[in-house]
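Peer 1:
Numbering (the UniProt record's numbering), first residue to last: 1 to 576.
(1) If you measure between the beta carbons of residue 483 and residue 524, is that distance less than 8 Å?
(2) When you compare each of 516, 415 and 467 to residue 182 by their alpha carbons, which one comes out closest?
(3) Give me the residue from 280, 420 and 178 with the minimum Cα distance to residue 289.
(4) Determine the closest residue to residue 45 out of 13, 555 and 119, with distance taken between C-alpha atoms.
(5) What's the call for residue 577, buried or exposed, on a 16-neighbour Cβ count within 10 Å?
(6) Check each candidate in 423, 544 and 514 and name the one with the smallest Cα separation from residue 221.
(7) Terminal residues of the continuous alpha helix (DSSP H) containing residue 252?
(8) What are the start and end residues of the beta strand (DSSP E) that includes residue 205?
(9) Of all the options 163, 476 and 250, which has the alpha carbon lying nearest to the alpha carbon of residue 572?
(10) Since residue 571 is in the alpha helix (DSSP H), which residue starts that stretch and which ends it?
(11) Restricting to Cα atoms, I'd like to know which of 520, 458, 131 and 235 is closest to residue 481.
(12) Excluding five sequence neighbours on each side, which residues of the same chain lie with their C-beta closer than 7 Å to the C-beta of residue 141?
(13) Where does the unbroken beta strand (DSSP E) through residue 440 begin, and where does it stop?
(14) From what residue to what residue does the beta strand (DSSP E) around residue 518 run?
(15) For residue 155, which residues of its own chain have a beta-carbon under 8 Å away from its beta-carbon, when the five flanking residues on both sides are left out?
(16) Cβ atoms of residue 566 and residue 558: under 8 Å apart, would you say?
(17) Looking at the structure shown, is residue 549 part of a helix, part of a strand, or coil, going by DSSP?
(18) Please report how far the alpha carbon of residue 54 lies from the alpha carbon of residue 131, in whole angstroms.
(19) Tell me whether the beta-carbon of residue 276 lies closer than 8 Å to the beta-carbon of residue 265.
(20) Is the beta carbon of residue 139 less than 8 Å from the beta carbon of residue 158?
(21) Using alpha carbons as the reference points, say which of 58, 228, 204 and 471 lies closest to residue 127.
(22) Taking just the CA atoms, how far does residue 473 sit from residue 518?
(23) What's the call for residue 207, buried or exposed, on a 16-neighbour Cβ count within 10 Å?
(24) Does DSSP classify residue 216 as helix, strand or coil?
(25) Given this structure, state the Cα-to-Cα distance separating residue 304 from residue 440, to the nearest angstrom.
(26) Mind checking who residue 424 pairs with in its DSSP beta bridge?
(27) For residue 479, count neighbouring Cβ atoms within 10 angstroms of its own Cβ and tell me buried if that reaches 16, exposed if not.
(28) At what residues does the alpha helix (DSSP H) containing residue 495 begin and finish?
(29) What does the alpha-carbon distance come out to for the pair residue 13 and residue 562?
(30) Helix, strand or coil, according to DSSP, for residue 504 in the structure here?
(31) Out of 219, 436, 84 and 90, which has the shortest C-alpha to C-alpha gap to residue 111?
(32) Are residue 190 and residue 413 closer than 8 Å when you measure CB to CB?
(33) Helix, strand or coil, according to DSSP, for residue 304 in the structure here?
(34) Looking only at its chain, what residues have a beta carbon closer than 6 Å to the beta carbon of residue 153, apart from the 5 residues adjacent to it on each side?
(35) Have a look at residue 437 and residue 297 and give me their C-alpha separation to the nearest angstrom.
(36) Alpha carbon to alpha carbon, how far is residue 108 from residue 48? Give it in angstroms, no decimals.
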């Protein structure tokens, strides 16, 4: 060992509590000596400020690790059999931080990915626009283009979108956005990645010392959906007196299906009313997949499927939405980071009106089929528009649009969106579309402009209930529950009147229109119904983007999701 001066870690009280108390951004606006004095709104806004601080600290961590890598990883240790510089540095980091060797190596890989492969997104992290957790999501979703020619473009576009949206990103929205951008710039990488993943499909088992074990399998997403649904269906055939938990019943049902043994209700009653399928039989399930894609992606359906396709009725354009005025008595939550060089955008800045409460309409689209069949694609369509018009393009469909990058791709190369799952490659779209049970719906018939199609937004007998066309359109426009971080598919959600529908005077408010409805999962719908929260949605007057905002009982305006399906298929905005 060389004769190097030594030093040691300090184990004393941190100096962080001694930071100046007037530095509200660092401390979240909370004086540690009087934490009970700030208002609820100040404390909530303070959490956002603390998140920005965590983002900056994460960036400094990555920077320090990359500096260490530059100093040690490439150094020639000059000793036969000595560990590599990478392994040795990971050992130093693991012992300084009290983490495993593997965790230290992952941190080193992550630091390189952030600062070398995603320098623009790293600046977004440094400036507080996203949290460290979302930075990890971006790293994982862009890993397949690291080192490829497309990487700088992907990095720059993701960073620009995060800054421009000025809304709240969640794991779901940033995943969909990153996948969309990656596909736009390097569809070959996406296709190769999917092929590699499918080549690795298989089944694994593991066992623990307590007498239990795990079984896991990988396969195409639609097959996973079908398998899960079959297991759930069998597990739910027991009577209400069965004492097992839902997860216990699913485990027992899966074993029965795989082993061909009889699944039984364990209520212990002689008069048990449960009707359970015989051993070895597969229960019939109601199963539907909702898929949205450009017609060009599915190409000529007659060619892809080998059979003529029906030309169903279209869904309706609706009246232009109304933009609500600001309410200055409420406190908006500022999402702008205190960064230099951040460009202000006139995007997503309006504040909500002051009345909304609930109402709902429940819709379920189901396709009954034998569980042994392949997956079904229920595809939605938007007809292609003349060049230069901002819409998506032909069979499973929305028209190609420059702002999504679809116009940069050859015909049929744009990705699709599988509701409840996310962005999928066009090859997967065509796999689903080619199934004999697939059904296709166009929002606008072939050869017809959206402006020329007018369908009623409500049922003729009840202006409170949306028509099938409006119901479908609203669900397509959101993709998921309208809550900022909820991942439940909009096709498994309730439709809620954003402003309470006035049954005595329907013209007074709560209109059944595209801008007056949004999907909410049952939990979020009930929460809004039985609380004093208010939500609002409107179109940004400058960009036309759909803006969703929530107001707490204390008057704090919270931003909704940074993106909706309209950002994936901007042509959806044209249908009013």
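Glycine included, every Cβ here is placed at the ideal spot set by N, Cα and C.
The structure displayed is predicted, hence computed values, not measured ones.
Peer 2: In this structure, then:
(1) As a first step, residue 483 must be located in the chain shown, where it is residue number 483. As a first step, residue 524 must be located in the chain shown, where it is residue number 524. It is a contact, given that the beta carbons lie within the stated cut-off.
(2) Against the chain shown, residue 182 aligns to sequence position 182. Ranking the options by Cα distance to residue 182, first place goes to 415.
(3) Position 289 of the chain shown, counting from 1, holds the residue named residue 289. The candidate whose alpha carbon is nearest that of residue 289 is 420.
(4) Translated into positions along the chain shown, residue 45 becomes position 45. It is 555 whose Cα lies nearest to the Cα of residue 45.
(5) Because the chain here runs from 1 to 576, residue 577 falls outside it and cannot be looked at.
(6) On the chain shown, position 221 is the one that residue 221 refers to. Taking only the C-alpha atoms, the option nearest residue 221 is 423.
(7) By 1-based counting over the chain shown, the position of residue 252 is 252. Its alpha helix (DSSP H) spans residues 246-259.
(8) For the purposes of this step, residue 205 is taken as residue 205 along the chain shown, with counting starting at 1. Its beta strand (DSSP E) spans residues 202-207.
(9) Taking the first residue of the chain shown as 1, we reach residue 572 at position 572. Looking at the Cα atoms, 476 is the closest of the given residues.
(10) Against the chain shown, residue 571 aligns to sequence position 571. Where residue 571 is concerned, there is no enclosing alpha helix (DSSP H), given that its DSSP letter is neither H nor E.
(11) Locating residue 481 in the chain shown gives position 481, where the first residue counts as 1. Of the listed residues, the one whose Cα sits closest to residue 481 is 520.
(12) Here the question's residue 141 lines up with position 141 in the chain shown. Excluding residues within five positions, the ones whose Cβ falls inside 7 Å are 175, 178, 179 and 182.
(13) Along the chain shown, one-based indexing puts residue 440 at 440. Note, residue 440: beta strand (DSSP E), 439-442.
(14) In the chain shown, the residue the question calls residue 518 occupies position 518. Residue 518 -> beta strand (DSSP E) spans 517-520.
(15) Residue mapping note: residue 155 aligns to position 155 of the chain shown, counting from 1. Excluding sequence neighbours, residue 155 sits near 117, 118, 119, 120, 121 and 142.
(16) In the chain shown, counting from the first residue as 1, residue 558 sits at position 558. In the chain shown, counting from the first residue as 1, residue 566 sits at position 566. Result no, Cβ atoms of residue 558 and residue 566 do not sit closer than 8 Å.
(17) Working through the chain shown from its first residue, we reach residue 549 at position 549. DSSP places residue 549 in strand when its eight states are reduced to three.
(18) As a working note, residue 54 is residue 54 in the chain shown. As a working note, residue 131 is residue 131 in the chain shown. Going by the C-alpha atoms only, they are around 7 Å apart.
(19) As a first step, residue 276 must be located in the chain shown, where it is residue number 276. As a first step, residue 265 must be located in the chain shown, where it is residue number 265. Yes, they are a contact pair.
(20) Taking the chain shown and counting its residues from 1, one reaches residue 139 at position 139. Taking the chain shown and counting its residues from 1, one reaches residue 158 at position 158. The answer is no: Cβ separation not under 8 Å.
(21) As a first step, residue 127 must be located in the chain shown, where it is residue number 127. Of the candidates 58, 228, 204 and 471, the one whose C-alpha sits nearest the C-alpha of residue 127 is 58.
(22) Position 518 of the chain shown holds residue 518. Position 473 of the chain shown holds residue 473. Their Cα atoms are separated by approximately 10 Å.
(23) The sequence position of residue 207 within the chain shown is 207, counting from 1. So residue 207 counts as exposed.
(24) Along the chain shown, read from residue 1 onward, the residue named residue 216 stands at position 216. Strand at residue 216.
(25) As a position in the chain shown, residue 304 is number 304, starting the count at 1. As a position in the chain shown, residue 440 is number 440, starting the count at 1. Confidence at residue 304 is low in this model, with a pLDDT of 42, below 50, so the placement of that residue should be treated as unreliable; the coordinate-derived value is given next. Looking at the two C-alpha atoms, the distance is approximately 13 Å.
(26) Position 424 of the chain shown, counted from the start, is the residue given in the question as residue 424. Answer by DSSP bridge pairing, in chain order: 416.
(27) What you label residue 479 is simply residue 479 of the chain shown in a count that begins at 1. With 16 or more other Cβ atoms within 10 Å, it is buried.
(28) As a first step, residue 495 must be located in the chain shown, where it is residue number 495. Note, residue 495: premise wrong, no alpha helix (DSSP H); beta strand (DSSP E) at 494-497.
(29) In the chain shown, counting from the first residue as 1, residue 13 sits at position 13. In the chain shown, counting from the first residue as 1, residue 562 sits at position 562. If you take the alpha carbons of residue 13 and residue 562, they lie about 40 Å apart.
(30) Here residue 504 refers to the residue found at position 504 of the chain shown. Residue 504 falls in the coil class under three-state DSSP.
(31) As a working note, residue 111 is residue 111 in the chain shown. Nearest of 219, 436, 84 and 90 to residue 111, Cα basis: 90.
(32) Position 190 of the chain shown, counted from the start, is the residue given in the question as residue 190. Position 413 of the chain shown, counted from the start, is the residue given in the question as residue 413. No, these two residues do not count as a Cβ contact at 8 Å.
(33) In the chain shown, residue 304 corresponds to position 304, counting from 1. Per-residue confidence for residue 304 stands at a pLDDT of 42, beneath the threshold of 50, marking its modelled position as unreliable; the derived number appears in the next sentence. Note: residue 304 maps to helix in three-state DSSP.
(34) Start at 1 with the first residue of the chain shown, and residue 153 comes out as number 153. So the qualifying residues of the chain are 185.
(35) Stepping through the chain shown from its first residue, residue 437 is reached at position 437. Stepping through the chain shown from its first residue, residue 297 is reached at position 297. Cα to Cα, the separation comes out at about 19 Å.
(36) By 1-based counting over the chain shown, the position of residue 48 is 48. By 1-based counting over the chain shown, the position of residue 108 is 108. Spanning the two alpha carbons is a distance of roughly 27 Å.
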